[in-house]
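First up is the structure itself, then whatever we jot down about it.
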Amino acid sequence: MRLYFNVLKSEEPKVAYFSYDSQINLDSMRIPALFLIFCLSLFGCINATSVQSDSQPVSHDLFTSLLKKHVDSDGMVDYKGFIADSVEFNKYLTTLENNHPNEKNWNKDEQLAYWINAYNAFTIRLIIRNYPVKSIKDLGGSIYRVNTPWDIKFIRIEGENYHLNNIEHSIIRKEFDEPRIHFALVCAAFSCPKLRNEAYTAKNLETQLEDQATHFFNSESRNKITADAPKVSPLMKWYGGDFKNAAPSIPEYINKYSKTKIKESVELEYMDYSWDLNEQK
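Letter by letter, the sequence shown follows residues 1 to 281 in my numbering.
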């Protein structure tokens, strides 16, 4: 059996996980058996759990009302406001917890909208449970670069436990061929894409994802794009494989959305990533 393991660069939030497109072949490496067993037990099954659910697609209207109330046009969050509205917020989270998407009753857009909203909503829950906090990276366990905030199994959906890495890597990236999710998933950091002040819905998903991508590449706090010397978000490096599947090159992908077009021959530079909390001041 061949397993593919990808250790990401230290600045990326998801520091270590099993990748679906990595090029590192473990059976060509001398790795002690006990270490391999440790890795498998630590990270668990990489596939989404096969939850037997008869749920129907849910409404995200309540989440939209909270986002409109507590997220500004720049995507900055009033976390104190979410705490004050915790009763309503918990109603929405309970809706997510009681309704796992399934292929029988949910179409692909309904499933993807659910998982994007779940990632963003449970990230907010993680922050407000630990509030005040300066950065999401201050959270997590005691094992350096293993028990990260994205590996805390605090999410329970129809009897199964998840962490944020499960949702992003084992479900969304694995089951949906959609690189624009990287402009929709928000990990509570300043350099993340902006948190949209409305929930994602199947009806509006295409328009919402296009709008998020356009905003992201034309936001000077996230990218400084010029024709000859572009500096772009490290998201384009961390998830380069996802974007290259959608365009011949990263510059060509960026040029689909950026008002300023990058010359194809130019080498990209990457901006520093701010992990400061995306909180309204």
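Even glycine gets a Cβ: it sits at the ideal position worked out from N, Cα and C.
A direct Cα-to-Cα measurement between residue 229 and residue 261 gives close to 11 angstroms.
Assignment of beta-bridge partners to residue 266 by DSSP yields no partner.
Here residue 214 is near residue 257, since their CB atoms are less than 8 angstroms apart.
By the Cβ neighbour-count rule, residue 91 is exposed, with fewer than 16 other Cβ atoms within 10 Å of its own. Non-local beta-carbon contacts of residue 95 in its own chain, meaning distances under 6 angstroms to residues more than five positions away in sequence, involve 58 in chain order. The segment 173-192 makes contact with the segment 237-250; the number of CB pairs closer than 8 angstroms reaches 3 or more. Judged by DSSP secondary structure, residue 172 falls outside any alpha helix (DSSP H); it is assigned neither H nor E. Across the structure, residue 77 and residue 136 are spaced so that their CA atoms are roughly 13 angstroms apart. Here DSSP, grouped into helix, strand and coil, assigns residue 161 to strand. Setting aside the 5 residues that flank it on each side, residue 219 is surrounded in the same chain by 194, each with a C-beta closer than 8 angstroms to its C-beta; the list follows chain order.
Checking the DSSP bridge columns, you'll see residue 276 partnered with 135. In the DSSP assignment, residue 121 falls within the unbroken alpha helix (DSSP H) covering 108-129.
Bounds of any alpha helix (DSSP H) do not take in residue 200, whose DSSP letter is neither H nor E.
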